[in-house]
Amino acid sequence: VLFVNAKQGAGIHALHRAIFKAGSHVQERRERRGLKSRPLRVGIIGYPNVGKSALINRILGRKRARTANTPGVTRSLQWIRVRTDESKTSLAKEFEL
11 VLFVNAKQGA
21 GIHALHRAIF
31 KAGSHVQERR
41 ERRGLKSRPL
51 RVGIIGYPNV
61 GKSALINRIL
71 GRKRARTANT
81 PGVTRSLQWI
91 RVRTDESKTS
101 LAKEFEL
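Residues in the sequence shown are numbered from 11 upward in steps of one, following this note's numbering.
In structure tokens form, the structure reads like this:
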């Protein structure tokens, strides 16, 4: 369980680490089986109007998902691909939200 505050950015770094740590485990398992690596799929669920889209935007570091103070702005499923390259290596880490 991770506690985050998407509005102020508290806990986002720990969330990034947890996502990438889980992703590396999945990728290692796929490599052992002889499969190609693929983006890790991350699900964000919660009650309506609690800041799920704000959390997505905070993880990405830019405004990608629409947000507003009124409920019902993002009612549909969103697939957002994120790619970050590690510094000084050719390995790319990907996950989808």
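All C-beta atoms, glycine included, are put in the ideal place defined by N, C-alpha and C.
Legend entry - Backbone secondary structure at Leu87 - three-state DSSP: Here Leu87 carries a coil assignment [DSSP, helix/strand/coil].
Legend entry - Coil, strand or helix - Arg68 by DSSP: Three-state DSSP puts Arg68 in a helix.
Legend entry - When Arg91, Ile90, Gly82 and Trp89 are compared against Tyr57, the one with the closest alpha-carbon: The shortest CA-to-CA distance from Tyr57 to any of Arg91, Ile90, Gly82 and Trp89 is the one to Gly82.
Inset, instruction - Look at Ala78 and Lys17 and say whether their C-beta atoms are less than 8 Å apart. - result: Going by C-beta atoms, Ala78 is not nearer than 8 Å to Lys17.
Legend entry - Neighbourhood of Asn59 by C-beta, 7 Å cutoff - its chain only, sequence neighbours within 5 removed: The residues are Pro81.
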